[in-house]
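Before any comments, here is the structure.
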Amino acid sequence: MTKDSPPDTRPEPLPSTPPAGEAPPSSDAAETPAPSAPADSPEVPHIQRLRIAFNVATQLFLGLVLYGLVNYLASRHFKQWDNTYEKRFTLAPTTVEFLKKVTVPVRITVLAVRGNETEKDLNALLQQYKETMKGKLEVKVIDTLRDTSAWETFKVQQGLRTKTNFDRNGVLVQAEMPGGSAATTAAAATGGAQRWITEAALYDIDPKTMTAQAFKGESLLNSAILGVTTTDKPKLGIVAGLGVPRRLPDGTSAFDRVRDICLLQNIEFEPYSIMLKDEKLDAEALIWIAPEDGTEREIAILKNYLETPGHSLCVMLNPEHDTPLLDKFLSDYGIVPQADRIMNSTKGTGGVIKNFLVENARFLDGTALTSGIVSSSVTLTGQTKSLKIQTGTEKQRTENIDVKPVLSASSDFWGEKDFGAYDPTPDGDDNKGPLYVIAAAERGAAKDPRVQMKSSRLIVFSNSSFADPDAMSKTKYDFLIRSVNWMMHRDVVAPNDSTTDKAKHKFAILIQPGQWQRIFWTTAIILPLAALMTGLMVWSSRRS
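By the numbering used here, the letter at position 39 of the sequence shown is numbered 621, and the numbering carries on one by one without gaps.
Okay, here's the thing in structure tokens:
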């Protein structure tokens, strides 16, 4: 074709088809079309889809198994830290040990307004109880403000069994007593299988500010669980008619403090008058607060009671009372009250200042009464006489009487016999020390502590103000609990001592006016402008 000739517009020839019987001409393998599967043979795609589905299902199953195993291990093997100031989410060690010994299923019903302070405190506390009791605790919460129908049903059901008034908020603790439902119903009818705790009792209220100072729910719940899961309810009698303790302006006295402790320890508290000839002393222990001297017959009744195996006696002396017969009775067991006053004095510009306030008195080791509080200090108000310890007497040897000092005054004090003098000084007639304030004696106890024997126990306080409510401290409270349990031949460490109370703390932040202005400008002006400028910069950079 020349340069000026027109283009060839003829169609290209079709490829020639070989005659029948001849092989097609050879060509590249890439130009040969691949054979396609018949339309009626879907086995290959179907098998592939089944394999994919099986792989996905296997992966999902294995993922669920791993997820369950991780949660199972995490729920049983974990570490929890309580960083709250009052240790709100941590049970006291005595509570943990007590709950581990509970074998009876317990049911707790909380009547409270959901979301208020009481419900929040109880919810956090009961969650710890459920984790510790491991399935032996059932908790039900009824919102008395929103779920009124459930509240009314609860009141009707429980009202048919008991006479308790459930018109107020509180906590009901119940237990399935051994013996089946009949035993539970019978015990509940007498108040034995349930304990009712009012909402007001859960807090220690400051009477001046009317604000909660401490949350006592753990202590009260332990007492309630103890009461519904055990049939052990001993009796402590208080000697009436032969002593008058100091009464506070609000009408309370040491009697009220001891009674409250007994109720928390599931101990009955009744007055006894040993002046009556036909009085039956069937209590496991007697307590005599601020005694006045009795007659020889009354002292003989006390001696016969104390020397009965299994009985105990607690005497809280008032130094202002002259009690020669009682002192002689106590001296027979090796505890001798002294005719002195524990004191010290200082000289100032106004003259001599006599101090009868015994400060920094410390608990001694060597007896189960001081378990956990050894070297803890207390302060004794009022006047205090000293106690002398005698050992090795004939009566102690023949009757196996062991005497131990419990509380001792510090070396800054002495036992002044002429305590009425204007300028008392320690001299040769005074007691230099050690000055014991509390002593305990045990009669007929086995030498081997593993041998359980019913012994007679005696504990003497040289100052009856030790149990006064206005002078009560945590250490004193714990020791009184230990004393009551020790007299009842129980474990002295109780699950409701002072360590179970959670103090309530409120923190206030004082901000000056200048600080308020800086906070306003920072949060309301500077930070929003900074965010706006950052956004504008990003927008302009993207536009460009």
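For glycine and all other residues, C-beta sits at the position ideal for the given N, C-alpha and C.
In chain order, Leu868, Leu888 and Leu1040 place their CB closer than 6 Å to the CB of Leu895, counting only its own chain and leaving out the 5 sequence neighbours on each side.
When the Cα atoms are used, Asn982 and Ala1027 turn out to be separated by approximately 7 Å. Rounded to the nearest whole angstrom, the C-alpha separation of Arg696 and Gly892 is 48 Å. The straight-line gap separating the alpha-carbon atoms of Asn665 and Thr672 is approximately 10 Å. For Met1069, the number of other beta carbons within 10 angstroms of its own is at least 16, and it is reported as buried.
In the DSSP assignment, Phe1061 falls within the unbroken alpha helix (DSSP H) covering Lys1056 to Met1069.
Counting only runs that start and end inside the stretch 853-934, the alpha helix (DSSP H) elements of at least 4 residues fall at 878-888 and 906-913.
For the pair of segments examined, the stretch 844-855 was found not to touch the stretch 788-800: the number of CB pairs separated by less than 8 Å stays below three.
Taking C-beta atoms under 8 Å as the contact rule, Thr834 and Val960 fail to qualify, at a distance of about 20 Å.
Distance from Leu1017 to Ile935 at the Cβ level is roughly 20 Å; contact not present, criterion being Cβ atoms closer than 8 Å.
In the three-state scheme derived from DSSP, where H, G and I count as helix and E and B as strand, Asn698 is classed as coil. Taken through DSSP and simplified to helix, strand or coil, Lys682 comes out as helix. In this structure Val956 is in contact with Asp947, their Cβ atoms being roughly 5 Å apart against a cut-off of 8 Å. Setting aside the 5 residues that flank it on each side, Leu719 is surrounded in the same chain by Val688, Tyr711 and Lys712, each with a C-beta closer than 6 Å to its C-beta; the list follows chain order.
In this structure, DSSP gives Asp703 a helical state, which the three-state scheme calls helix. In the structure shown, Val985 falls within a strand segment according to DSSP collapsed to helix, strand and coil. Residue pairing by DSSP places Trp996 opposite Met925 in a beta bridge. The C-beta distance from Asp864 to Asp904 rounds to 31 Å, too long to fall under 8 Å, and the pair is not in contact. Within a 10 Å sphere around the beta-carbon of Lys1084 sit 16 or more other beta-carbons, which makes this residue buried. Between Glu1024 and Asp1079, the gap from beta carbon to beta carbon reaches 7 Å or more. Membership of Gly833 in any alpha helix (DSSP H) is not indicated, and neither H nor E is assigned to it by DSSP. When the five nearest sequence neighbours on each side are left out, the beta carbons in the same chain lying within less than 6 Å of the beta carbon of Lys1036 are those of Pro891 and Gly892, in order along the chain. Per DSSP, the continuous alpha helix (DSSP H) segment holding Ala1112 begins and ends at Leu1109 to Arg1125. Counting only residues of its own chain and dropping the five nearest sequence neighbours on each side, Thr949 has a CB closer than 7 Å to the CB of Lys986, Val988 and Ala1022. Cβ atoms of Val1042 and Ile1020 come within 8 Å of each other, at about 7 Å.
Taking C-alpha positions only, Leu727 is separated from Ala694 by approximately 8 Å.
Under a 10 Å Cβ-count criterion, Arg777 is classified as buried, with 16 or more other Cβ atoms of the shown protein chains found around its own Cβ. Look at Arg1025 here: in three-state DSSP terms it is strand. Taking a cut-off of 8 Å for Cβ pairs, the stretch 968-976 and the stretch 1000-1008 do not touch, as fewer than three such pairs fall below it.
In the three-state reduction of the DSSP assignment, Gln795 falls in the strand class, which pools E and B.
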